[in-house]
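Convert by adding 290 to the 1-based position in the sequence shown; the result is the number in the numbering used here.
All residues carry an ideal CB built from backbone N, CA and C; glycine is no exception.
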Amino acid sequence: MSSIVLEGRALRKSFGATVALAGVDVTVGSGEAVAVMGPSGSGKSTLLHCLAGIMRPDAGEVRLLGERVDAMGERGRSALRRTRFGFVFQFGQLLPELPAEENVALPLMLGGTSRGKAVARARSWFGPLGLAGLEARRPGELSGGQAQRVAIARALVTGPAVVFADEPTGALDQATGHDTMRLLVEATRAGDAALVVVTHDPQVAAWCGRVIEVRDGLIVPAGPRPAPGEFPPGPIHQASGPATPPPGPGRPPAHRRFGPAHPDPAPAHPAGPTAGPGPQGHPAGPYPGPGPQGHPAAPTRVLPAPHHGGGEVGR
């Protein structure tokens with residue numbers, strides 16, 4: 291069983307007379323993917339903000355690897371968000387004036403890593419995430435799916451303990467959203483990071499190993515999850531096993547590619563071919579070994595080991 295990385299105990303938060311959290315307990319294990327669902331105004335985003343140290347709960351405790359997050363001052367929580375947490379938002383939140391590689395490298399540079407080392411480490415994520423050749427593109431020159439994959443790289447480049455994703459597919463079409471979730475789950479698991487996803491979409495939640503439902507500030511029993519035929523199968527739906535050993539802080543595994551199963555429409559520079567018939571008529575993702583649920587796996591493209599530049603990590 292995975293060890294507990296993130297824990298919230300008896301969390302309470304109110305905004306005036308409105309109760310957002312009414313005594314919530316939640317734990318997240320190392321390498322675990324957890325979806326937080328609920329209707330608008332249920333308290334799910336407030337829960338994410340408290341767990342991520344963005345806001346303090348009125349009562350209760352938040353612990354990261356046993357250390358109290360809620361007891362830290364703003365400076366301490368800000369440093370924690372740069373170094374131990376990664377974030378993926380609905381619209382990516384990339385800086386439009388910076389090329390993709392510098393958007394990914396920015397958390398490292400803010401933490402004191404030299405520009406050269408930070409960019410080298412950032413570039414090591416572009417191949418595994420199907421973004422090779424797009425390093426110099428600015429956000430306005432990327433498709434929605436490509437921009438969100440850049441945001442995933444930025445979230446993972448510091449080697450975080452937990453990645454928080456707030457409606458990560460909300461601005462994407464269904465096929466691109468499925469690819470984005472697959473990449474997000476695979477990449478965080480490969481780095482042995484925990485993943486907390488806030489979503490209203492049950493098909494997005496289905497990619498996670500566990501679903502928490504929040505209503506009226508309380509955790510309630512989750513409703514039925516989609517049947518296997520209602521979302522694309524992926525590694526998360528196979529028999530669970532130990533998480534892949536982490537490749538090192540902020541670095542993707544060598545010879546590993548998480549590229550998109552569904553190519554973005556008319557990309558300026560194709561991220562690389564996909565092959566093999568996949569479920570529901572879509573091309574299969576580039577996995578080695580037998581494909582999930584009897585589908586043939588696509589061939590794996592072997593990449594050279596990524597750059598292992600050093601330097602202090604920060605976000």
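From the options, pick the residue whose C-alpha is nearest to that of residue i; which is it?
i, options, result
"P458", "S368, L400, Q383 and L354", "Q383"
"C340", "L388, G331, R353 and P329", "R353"
"G449", "A300, R299, H490 and R371", "R371"
"G435", "R472, A307, S335 and A483", "R472"
"A300", "Q464, A310 and I344", "A310"
"A369", "I344, M327, F381 and A410", "I344"
"R374", "D482, T489 and W497", "D482"
"P329", "I509, P511, R505 and V510", "R505"
"N393", "G460, I442 and M362", "I442"
"G460", "Q438, T308 and S293", "Q438"
"R302", "D463, A480 and A349", "A349"
"L474", "W497, E503 and M362", "W497"
With a threshold of 8 Å on Cβ separation, who are the neighbours of residue i within its own chain once the five nearest residues in sequence on each side are excluded?
i, result
"R358", "E351 and V352"
"A484", "V295, L296, V318, G319, S320, G321, E322, A323, V324, A451, V452, V453 and T478"
"E387", "R428"
"M362", "G343 and L370"
Looking only at its own chain, which residues have a Cβ that is under 6 Å from the Cβ of residue i, when we skip the five neighbours before and after it?
i, result
"A455", "V378 and V487"
"A408", "A395, L398 and M399"
"E297", "T317 and R353"
"A495", "A325, M327, T489 and V501"
"R367", "G343"
"T466", "G435"
"G507", "V309, A310, L311, A312 and G333"
Note down the Cα distance separating residue i from residue j, rounded to an integer number of angstroms.
i, j, result
"G313", "G333", "11 Å"
"G579", "D360", "Note that G579 scores a pLDDT of 32, beneath 50, so its modelled location is shaky and nothing firm can be said."
"G356", "E431", "42 Å"
"R428", "P389", "4 Å"
"R346", "E364", "10 Å"
"S606", "A342", "Because the chain spans 291 through 605 in this model, residue 606 falls outside it and cannot be assessed."
"T336", "G423", "38 Å"
"R405", "V447", "14 Å"
"F381", "R411", "24 Å"
"E476", "G331", "30 Å"
"A445", "G376", "4 Å"
"Q464", "G499", "20 Å"
"A480", "L338", "22 Å"
"D491", "E391", "30 Å"
"V440", "S293", "29 Å"
"E503", "L419", "30 Å"
Can you tell me whether residue i is buried or exposed? The criterion is at least 16 other CB atoms within 10 Å of its CB, across all chains shown.
i, result
"L385", "exposed"
"F416", "buried"
"D315", "exposed"
"G402", "exposed"
"S414", "buried"
"D469", "buried"
"A621", "For the chain, the structure presents residues 291 to 605; residue 621 sits outside this window and is missing."
"V510", "exposed"
"A426", "exposed"
Leaving aside the five residues before and after residue i along the sequence, list all residues of the same chain whose C-beta is less than 7 Å from its C-beta, in chain order.
i, result
"L462", "G434, G435, Q438 and T470"
Subject >> Entirely enclosed alpha helix (DSSP H) segments - the region 453–515, minimum 4 residues >> reply: 464–480 and 492–495
**OP:** Counting only runs of 3+ residues fully inside the region 301–362, write out the beta strand (DSSP E) ranges in chain order.
**Re:** 308–319, 323–327 and 349–354
Subject >> Any beta strand (DSSP E) of 3 or more consecutive residues that is wholly inside the region 366–411 >> reply: 375–378
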